[in-house]
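Protein chains in written order, with our numbering: chain A, 11 to 325; chain B, 5 to 351. Using N, Cα and C, we set each Cβ at its ideal position, and we do this for glycine too. Because the structure is a prediction, the values reported are computed rather than measured. To keep things clear, I will list the structure first and then write my remarks on it.
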């Protein structure tokens, strides 16, 4: 086990290094034109550009440039040349909001998807199954910012059932916090409910024909016990893996669209606003942190898996 | 192995494995593609949505026709000070408080105007062309690159495989939207220099390039997996015994057996590429205004949703219909080719 963990961690560090190189290449090398001009934002002055060129060392060789860029990102020295605000602090401020959105949505989509998927599988081929399949397909075909904006407008603004965007601190008023997050959670969860219920449905249909299910039925367990204890439990394994990875992806940037539509002021919205201004430093930092987070989460999931299933350690 | 009679059809990977026990009884001598087609033809819902997609493409292709003959305006022509007759009354296209008219259901401003007084229907059709072109070309680019990478990694194995897998792992570490946005922002200002070709920052090629790149790991990985199992099959051994080189085996023997996977992925990739175009344009890292696309139109519409909701609803509904049609049709194609396959793209 220890050997596996070490090997996996070494691999993680390697991927992180490659990720950082790729991010550096994307922002500083691949595009045309002077990187200092790009960093400086929309309307830079000549002195600003000159200062940035010196600060980032754009006239030095590429290895030094890479080192300078990484140093700036990880020491919290990075600042936006558009708003003049330090990037690290802005990200820290937004993180709890993004976390609240991602955790709530993940719980919601898992619960609903399990209910939909299981029901769909039990009623396979019947009307209810087809209906849920169509709903799921519509769900995965909708852009989250579009359905989010419509929900916000019709349910929030017009009917007044929900607050019209915005975020309330949990410590301020837990109920209001929850109330403000219902629509964002739902909008973000729709896509994943569509995916997960379909994956779960096909997993359940595969599991139902296993020998141990027949055995369970033969020894006289009730249908409910069979479904929950034998079928659902075994169908959930691949879903739980997906769940871990998708949660990381949502937290690492998938929530960018939802946050913007509902004005949650999280990390995603910070990134979105920077993108609108073509403000490079914040986009660079968010991209890098998101990818690092996902790489780390992947390693954690793999190690947990190896702990649960010893066969994986030997691969 | 070679002396064993081929009685177990599922032992043969690829087309032959699609024939289910029951269907083999009645239909002797029919090829797997024809069988798949027969199964697809029985799936009326999938066919209907496939037809809807073709119809949408045709309608968008006819954009200039509608613009010149019916609406008599271009996609970027402003009509801020013009008036139209609605219910016998002269009405400003854009009211004094900046609110544009809604759908008139007549030739001019059929679906209303936007805040610049531009005809929404005309923009919807021209925008659809851009969205569809981006979706189709990006999906094509992803497919070709994924096939090449997957074939090389799975067939040659060894160092090539390690290298390609590492590259895919690195790309896989980025959420799709974030990677797209990063590339989009980086390329939007200066454009891109690819050897002798320079691409301007506001060109449609940039979003195509970005979207075509980010989905590669999602397709190249499964392709590689399939190649790994295909390369151990008897027909590859037979080809090698006949003196075929690696390239010939890869593209002549292995590739045809990947076709069903490729076909299904291609359909679903178009849907996802159109969705990603919308997301990138919404964030300002995709198609650059005033060039219309469904994404930029939704972006403009969401900003004005409180006063002119039709600006967000119309392009969004069109987008959902297109993506839904592709998803349902792609599902049907997959079921017809291989009911057991599990394909998932989004991260």
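Contact set between residue i and chain B, taken where Cβ atoms lie within less than 9 Å
i: residue 34 of chain A; result: In chain order: nothing, as chain B lies at least about 11 Å away.
i: residue 76 of chain A; result: Correct list: empty, because the minimum Cβ distance to chain B is about 15 Å.
i: residue 37 of chain A; result: 186, 189 and 190
Boundaries of the beta strand (DSSP E) in which residue i is found, first to last residue
i: residue 201 of chain B; result: 201 to 203
i: residue 96 of chain B; result: 93 to 96
Neighbour list for residue i in chain B, Cβ cutoff strictly below 7 Å
i: residue 166 of chain A; result: What residue 166 of chain A touches in chain B: nothing, since even the nearest Cβ is about 11 Å away.
i: residue 263 of chain A; result: 179, 181 and 182
i: residue 134 of chain A; result: Those within 7 Å of residue 134 of chain A in chain B number zero; the least Cβ separation is about 13 Å.
Buried versus exposed, by CB contacts within 10 Å (16 or more), residue i
i: residue 26 of chain B; result: Confidence is the limiting factor: at residue 26 of chain B the pLDDT is only 48, short of 50, which leaves the residue's position unreliable and the question unanswerable from this model.
i: residue 101 of chain B; result: exposed
i: residue 16 of chain A; result: exposed
i: residue 333 of chain B; result: buried
i: residue 64 of chain A; result: exposed
i: residue 12 of chain A; result: exposed
i: residue 48 of chain A; result: buried
i: residue 319 of chain A; result: exposed
i: residue 224 of chain A; result: exposed
i: residue 135 of chain B; result: buried
i: residue 118 of chain B; result: buried
i: residue 71 of chain B; result: buried
i: residue 269 of chain A; result: buried
i: residue 327 of chain B; result: buried
i: residue 233 of chain B; result: exposed
i: residue 250 of chain B; result: exposed
i: residue 19 of chain A; result: exposed
Bounding residues of the alpha helix (DSSP H) (the contiguous stretch that carries residue i)
i: residue 326 of chain A; result: The first residue shown for chain A is 11 and the last is 325, placing residue 326 of chain A beyond what the model contains.
i: residue 236 of chain B; result: Run containing residue 236 of chain B: none; DSSP gives neither H nor E here.
i: residue 158 of chain A; result: 154 to 161
i: residue 285 of chain A; result: 277 to 286
i: residue 265 of chain B; result: 259 to 287
i: residue 252 of chain A; result: 243 to 259
i: residue 314 of chain B; result: 314 to 341
i: residue 21 of chain A; result: 12 to 34
i: residue 190 of chain A; result: 184 to 217
i: residue 221 of chain A; result: 221 to 228
i: residue 164 of chain B; result: 162 to 176
i: residue 37 of chain B; result: 36 to 46
i: residue 213 of chain B; result: 209 to 218
i: residue 47 of chain A; result: 45 to 49
i: residue 77 of chain A; result: 72 to 84
Amino acids of chain A, ordered along the chain, whose beta-carbon sits closer than 9 Å to that of residue i
i: residue 287 of chain B; result: 155, 266, 267, 270, 281, 282, 285 and 286
i: residue 327 of chain B; result: 150, 151, 152 and 153
i: residue 316 of chain B; result: 156, 159, 160 and 163
i: residue 332 of chain B; result: 144, 147 and 151
Where residue i meets chain B, residues with beta-carbon distance less than 8 Å
i: residue 297 of chain A; result: 178, 182, 183, 185 and 186
i: residue 290 of chain A; result: 189 and 190
i: residue 304 of chain A; result: 177, 178 and 179
Residues that residue i contacts on chain A, provided the C-beta gap is smaller than 7 Å
i: residue 323 of chain B; result: 153
i: residue 279 of chain B; result: 153
i: residue 282 of chain B; result: 153
i: residue 78 of chain B; result: Correct list: empty, because the minimum Cβ distance to chain A is about 26 Å.
i: residue 121 of chain B; result: Per Cβ cutoff of 7 Å: no residues; residue 121 of chain B is ~23 Å from chain A at best.
Chain A contact residues for residue i, given Cβ-Cβ distances below 8 Å
i: residue 174 of chain B; result: 25, 28, 29 and 32
i: residue 106 of chain B; result: Near residue 106 of chain B there are no residues of chain A at all, since even the closest Cβ is about 15 Å away, more than 8 Å.
Residues that residue i contacts on chain D, provided the C-beta gap is smaller than 7 Å
i: residue 313 of chain B; result: No chain D is part of this structure, whose protein chains are labelled A and B.
- Below 8 Å, can you find three or more Cβ-Cβ pairs linking the region 218 to 234 of chain B to the region 147 to 162 of chain B? yes
- Quick check: the region 134 to 149 of chain A against the region 196 to 209 of chain A, are there 3 or more CB pairs under 8 Å? yes
- Query: Is there contact between the region 273 to 281 of chain B and the region 233 to 244 of chain B, where contact requires at least three CB pairs shorter than 8 Å?
  - Reply: no
- Task: Identify each residue in the region 246 to 276 of chain B for which the Cβ-Cβ distance to at least one residue of chain A is less than 8 Å, and report them in chain order.
- Result: 275
- Against chain A: residues of the region 159 to 171 of chain B by CB proximity under 9 Å: 170 and 171
- Task: Mind checking the region 296 to 311 of chain B against chain A and listing, in chain order, the residues whose C-beta falls within less than 7 Å of any C-beta there?
- Result: 302, 306, 309 and 310
- Item | the region 100 to 132 of chain A: positions lying closer than 7 Å to chain B by Cβ | none
- Query: What residues in the region 204 to 230 of chain B have a beta carbon less than 7 Å from any beta carbon of chain A?
  - Reply: none
- Query: Is it true that the region 51 to 64 of chain B meets the region 105 to 123 of chain B, where meeting means three or more beta-carbon pairs spaced less than 8 Å apart?
  - Reply: no
- Between the region 209 to 216 of chain B and the region 183 to 194 of chain B, do at least 3 Cβ pairs fall closer than 8 Å? yes
- Message: Tell me which residues of the region 32 to 56 of chain B have at least one Cβ-Cβ distance to chain A shorter than 8 Å, keeping chain order.
- Response: none
- Is there contact between the region 286 to 302 of chain B and the region 124 to 144 of chain B, where contact requires at least three CB pairs shorter than 8 Å? yes
- Message: I want to know whether the region 250 to 258 of chain A touches the region 301 to 316 of chain A - three or more CB-CB distances under 8 Å.
- Response: yes
- State whether the region 229 to 239 of chain A contacts the region 272 to 290 of chain A, with contact taken as three or more CB pairs (one from each stretch) at a distance under 8 Å. no
- Task: Could you tell me whether the region 123 to 138 of chain A touches the region 278 to 286 of chain A, where touching means 3 or more Cβ pairs closer than 8 Å?
- Result: no
- Message: Taking contact to mean 3 or more Cβ pairs, one atom from each stretch, closer than 8 Å, check whether the region 295 to 304 of chain A and the region 165 to 179 of chain B are in contact.
- Response: yes
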